[in-house]
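The structure appears right after this line, and notes come after that.
In mature numbering (1 follows the signal peptide of the UniProt record, and there is no 0), the protein residues as written are -24 to -1, 1 to 165.
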């Protein structure tokens, strides 16, 4: 009887430990809010340089661990590891790059929008949300930087500037009434 009780207690303890591990793992699961540009050494930066051809696609399932203004990202499918320089401390800044809820579904979007998102480009007529999914957070409006802005702060700006290379930018102007891109200019290639 005593052996059965010990075995029962061990089984309960094992189940408790396993359920805690599963819960902890689920707690760290996020999805890429936008295409995340990746640089040499699997590095992602808040500056979000647009000249990188490598990126983690929007909606990718990631295991995320944040420490200060940096985060470790692990692709849940491939196991590839990345370092993200968030630009500021806090979950509200991390949420510019990854979200907890289900992944973004671009399949329901028009084919032209899907193509732009898959090519990490912006076109006239795209909404702010579409451009964000495609290109990620801008470096700023003309006179400020977005490293200490939240996703919501960025969505309230009508002029986004992306850094392509040093001294080469891509500017996107949105219509204040519709929230759609009305002007896209800069060096793309």
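Think of the CB as a built atom: it goes at the ideal place given N, C-alpha and C, for glycine as much as any other residue.
- Straight-line spacing of the CA atoms in residue 43 and residue 154 works out to 38 Å.
- In this chain, the alpha helix (DSSP H) harbouring residue 69 covers 67 to 70.
- Below 8 Å, enough C-beta pairs join the stretch 57 to 72 and the stretch 122 to 129 to call them touching: three or more.
- Selection 101, 161, 59 and 118 evaluated against residue 14 yields 59 as nearest (Cα-Cα).
- When secondary structure is reduced to three states using DSSP, residue 43 falls in the strand class.
- Secondary structure note for residue 137: its beta strand (DSSP E) is the uninterrupted segment 135 to 141.
- If you draw a straight line from the Cα of residue 119 to the Cα of residue 132, it comes to about 15 Å.
- Bounds of the beta strand (DSSP E) holding residue 61 are 57 to 61.
- Counting along the chain, the unbroken beta strand (DSSP E) around residue 157 starts and ends at 157 to 162.
- Straight-line spacing of the CA atoms in residue 110 and residue 32 works out to 11 Å.
- For residue 47, the CB contacts under 7 Å within the same chain, skipping 5 residues up- and downstream, are 40, 41, 60, 62 and 70 in chain order.
- Uninterrupted beta strand (DSSP E) stretches at least 3 residues long and entirely within the stretch 88 to 150 occur at 135 to 141 and 144 to 150, given in chain order.
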